[in-house]
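Asker: Quick one: the structure is below, questions incoming.
Numbering (my numbering), first residue to last: 2 to 136.
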């Protein structure tokens, strides 16, 4: 009799916990905001020479000022990587802004990759850009 009572208590407890977690999950789902439908792309800009710290700061400021650039701009050596919304910002806008900042002669290549993963941080974006486009 005691064992049966303990089993009943354990089953009722498990059922209550499952019900409580289901209610929390449904509440979270009902109150969450929809995800924006954007097409995020990773843009990688290669310069002919490595940029010194002053030029890195200047290039970051130029790229951050462009509407549609999401998150942080990463510059390492002669490569700049940024995540951009393809519906708002295209490659031509990036090139125009860099040309206006007197970086036209230094741009070696601008490549773009579609980032189908969820935004995972700046190191993830840099890894995507460097591994997919290493030539």
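Cβ coordinates follow ideal geometry from the N, Cα and C atoms, glycine included.
Keep in mind that this is a model prediction, so the values were computed, not measured.
Suppose you measure from the CA of residue 33 to the CA of residue 24; what does that come to, to the nearest Å?
Answerer: Here residue 33 corresponds to residue number 32 of the chain shown, with the count starting at 1. Here residue 24 corresponds to residue number 23 of the chain shown, with the count starting at 1. Going by the C-alpha atoms only, they are around 14 angstroms apart.
Asker: Considering only their Cβ atoms, is the gap separating residue 82 from residue 43 smaller than 9 angstroms?
Answerer: Here residue 43 corresponds to residue number 42 of the chain shown, with the count starting at 1. Here residue 82 corresponds to residue number 81 of the chain shown, with the count starting at 1. Yes.
Asker: Taking DSSP's pairing of strands, which residues face residue 86 in a bridge?
Answerer: Along the chain shown, one-based indexing puts residue 86 at 85. DSSP lists 41 as partners of residue 86.
Asker: Would you mind reading off the limits of the alpha helix (DSSP H) that contains residue 75?
Answerer: For the purposes of this step, residue 75 is taken as the residue at position 74 of the chain shown. First-last for residue 75: 70-77, but that is the beta strand (DSSP E), not the alpha helix (DSSP H).
Asker: Excluding the 5 residues preceding and the 5 following residue 63 in the sequence, name in chain order all residues of the same chain whose CB lies nearer than 7 angstroms to its CB.
Answerer: Here residue 63 refers to the residue found at position 62 when the chain shown is read from its first residue. Correct list, in chain order: 98, 99 and 102.
Asker: Beta carbon of residue 86, beta carbon of residue 41: below 9 angstroms?
Answerer: Within the chain shown, residue 86 is the residue found at index 85, counting from 1. Within the chain shown, residue 41 is the residue found at index 40, counting from 1. A contact, by the Cβ cut-off of 9 angstroms.
Asker: In the DSSP output, what is residue 80 paired with across the bridge?
Answerer: If you number the chain shown from 1, residue 80 lands on position 79. Answer is 47 and 77, bridged to residue 80.
Asker: Measure the Cβ-Cβ separation of residue 76 and residue 57 and say whether it is below 9 angstroms.
Answerer: Position 75 of the chain shown, counted from the start, is the residue given in the question as residue 76. Position 56 of the chain shown, counted from the start, is the residue given in the question as residue 57. In contact: residue 76 and residue 57 (Cβ atoms closer than 9 angstroms).
Asker: How many Å lie between residue 59 and residue 17 at the Cα?
Answerer: Along the chain shown, one-based indexing puts residue 59 at 58. Along the chain shown, one-based indexing puts residue 17 at 16. Going by the C-alpha atoms only, they are around 58 angstroms apart.
Asker: I'd like to check one pair, residue 51 with residue 79: are the Cβ atoms closer than 9 angstroms?
Answerer: One-based indexing of the chain shown puts residue 79 at position 78. One-based indexing of the chain shown puts residue 51 at position 50. Yes; because the gap between Cβ atoms is below 9 angstroms, this pair is in contact.
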